Amino acid sequence: MHRTRRRIPHPLLGVLAVGVTGTLVAGAVTSGADAKGRGYAIGQGVSTSLPSPRAASTTAAPARPTTATSPTATATSPTATSPTATPSASAAAASTPSATATAAATVGKPFLGTLVTHSGTAGQESQAGLKMAMLEVSWRSLLPRQGQVDSGYATGLVKQLKAFQAAGMRVTLGLGLHYTPAWVLALAGSRLVDQTGTVSAQADLVFNQTVRDLAVDYLRALDKIVPFENFWAVRVTSGSGAEMLYPASGTYWAYSAGAQNGPTRPVTMAANPLPGWRPGDSASEAQRRAWADWYLAALDDVADWQMDVATSLGFTGYFQIVTPGQGLRPTQYTKLVAAGLSNGLLGRGAVWSVVYAGLRHRTHVTAYVSSVADGSAGNDVCQASDATVALDSGTAYYFSATRYLARVAAVNGFTVAGETPGYPASASGRAAYADASDSGLLATAYRQASGCRFLGLYWAHDDQVWDGTVPLSRLAQYSSTSAALPALAS
């Protein structure tokens, strides 16, 4: 991803998410860590035991190879300041434009930006045509104690925002709710609980109104420091992680007091239709479906809550719903419900066709692919004929994550954008990440972004631009010195 101090996520799926090594099948999750200790969930649809939507037989879908690397974020906080980087010789060196770079204008021209952008080098990036910066904030760094703002951290945020604006850039805001203060986590009942009684390391913003209220205090404090009206987009997650997912175990995280219809259940959330029920207990298929739909709708509720708060604070830009991979397809979801809700991707909430359809907010919503060029389906590109493809069809089953989520966006009338996987742990993954050819990560990701009509693509991360791994000169091939600012939401 980026440097040690700040992390953003990026898994994939053919059954969800991609990573450096390992597999995730329907009903099992493998996890690990990348070279810098960042955790990730790993998965691939090729190993699912679910039947292919193409046929009524019970055979598994044909295998699809993947080479993607996609680590998720750790809980380390971003710092408030972004030191000026001295471009290395390799960062300054020019490289030969790829075929994708020279052809991009004929397909479409998504903006190019970076994740966790260094404010000290924002001017150089803007001059090279990168007109989008990303500022990620940390709840625990801004409010290390309840009601007490860290003035030094706040000052750093203001300096960063001003630097980006002075450089002539739009700015995307990462809310940093998953960087939860210790004093919040110490509160009784403040964490998610799964069906085994395991308590999460993360705070429960999904089912706990008390925790949400504390988060609102944080967001209001943040708005006073860097007003929300300054931002082009806001990243929306589950609040317990850096993407729209439940924790990585693949179990079902709906057993806290609020999730069981206790007094902390958010006022906007529908009641649990089967309180006390656990996967494996007796229930009809219709009851299981109602419960699973409610579990997914809980992610919609926490997303809509964040959008409500941001709107109340004067934000008028895009809401980026951060979703990795292909997730479970409609047919797979139906079969998992029929089979009794085993642990796996459904426990993580990764049924994007259902999640996006269930959002109450329908304006300025962006389906945000946090795993562009993750290796799924050979990194295929959207086609004009996709407009007639149903999400539950056998054709859509074999779309890459980027192509599938672009189709989900189109069905819902949403825009689409995304980011590349971060810097991987394996030597082969790093070689692909740094590959300057037309088959390298940057060229492949921009080809998908252009073909799927993204608003923009974020490179993960700015650290790797300024340490020379993927120099600014290479990113600049996909923009121009005369690049316009990304258009405001309208």
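For the sequence shown, UniProt numbering puts the final residue at 490, and the numbers step up evenly by one. All C-beta atoms, glycine included, are put in the ideal place defined by N, C-alpha and C. Given the structure is predicted, the values throughout are model-derived calculations rather than measurements.
- Taken through DSSP and simplified to helix, strand or coil, Pro263 comes out as coil.
- In this structure, the alpha-carbon of Ala445 lies about 23 Å from that of Leu245.
- Rounded to the nearest whole angstrom, the C-alpha separation of Ala350 and Val116 is 25 Å.
- Note on geometry: alpha-carbon atoms of Leu336 and Val354 lie some 14 Å from one another.
- Per the DSSP secondary-structure output, Asp281 pairs in a beta bridge with Pro279.
- In the displayed model, Trp232 falls within coil according to three-state DSSP, outside both helix and strand.
- A straight line joining the alpha-carbon of Leu274 with that of Gln287 spans about 8 Å.
- Here DSSP, grouped into helix, strand and coil, assigns Gln464 to helix.
- Going by DSSP, Arg453 is part of no alpha helix (DSSP H) at all; its letter is neither H nor E.
- Check the Cα spacing between Ala387 and each of Arg407, Tyr368, Val369: the tightest is with Arg407.
- The alpha helix (DSSP H) runs lying completely inside the segment 108-192 and spanning 4 residues or more are 122-127, 139-142, 151-166, 182-185, given in chain order.
- For the pair Asp204 and Val211, the CB atoms are nearer than the 8 Å cut-off.
- Ranked by Cα distance from Gly152, the first of Lys162, Ser141, Leu187 is Ser141.
- The beta carbon of Arg191 sits closer than 8 Å to the beta carbons of Leu185, Val199, Ser200, Ala201, Gln202, Ala203, Asp204, Ser256 from its chain, once the five residues preceding and following it are set aside; these are given in chain order.
- Under the three-state reduction of DSSP, Ala357 is assigned to helix.
- When the beta-carbon positions are compared, Ala377 and Ser400 come within less than 8 Å of each other.
- Pairing Ser249 with Asp194 gives a Cβ-Cβ distance under 8 Å.
- In the three-state scheme derived from DSSP, where H, G and I count as helix and E and B as strand, Gln202 is classed as strand.
- Beta-bridge analysis with DSSP links Leu457 to Leu112, Gly418.
- Using a Cβ-Cβ distance cut-off of 8 Å, the segment 295-310 and the segment 391-405 are not in contact, since fewer than three pairs of beta carbons, one from each stretch, lie closer than that value.
- As DSSP reads the structure, Thr366 sits in a beta bridge with Gln320, Thr415.
- The Cβ atoms of Gly456 and Pro110 sit closer than 8 Å to each other.
- Just measuring C-alpha positions, the residue of Trp232, Gly344, Val137 sitting nearest Thr180 is Val137.
- DSSP, read as helix, strand or coil, puts Asp392 in coil.
- For the set Ala297, Gly147, Asp304, the Cα lying nearest the Cα of Ala221 is the one of Gly147.
- Taking Ala449 as reference, the option from Ser284, Ala242, Val470, Thr415 with the minimal CA-CA separation is Thr415.
- The Cβ atoms of Ala436 and Gly129 do not sit closer than 8 Å to each other.
- Under the criterion of beta carbons closer than 8 Å, Ser371 and Pro324 qualify as touching, at roughly 4 Å.
- Pairing Ala133 with Val171 gives a Cβ-Cβ distance under 8 Å.
- Rounded to the nearest angstrom, the Cβ distance from Val226 to Leu161 is 5 Å, consistent with a contact under 8 Å.
- Residue range 330-339 is occupied by the alpha helix (DSSP H) that includes Pro330.
- Taken atom to atom, the span from the alpha-carbon of Asp463 to that of Ser428 is near 20 Å.
- Of all alpha-carbon atoms in Gly327, Thr363, Tyr356, the one lying nearest the alpha-carbon of Leu346 is that of Gly327.
- A residue is called buried when at least 16 other Cβ atoms come within 10 angstroms of its Cβ; Leu296 meets this threshold and is buried.
- Between Val381 and the set Gly358, Phe454, Leu341, the nearest pair of CA atoms involves Phe454.
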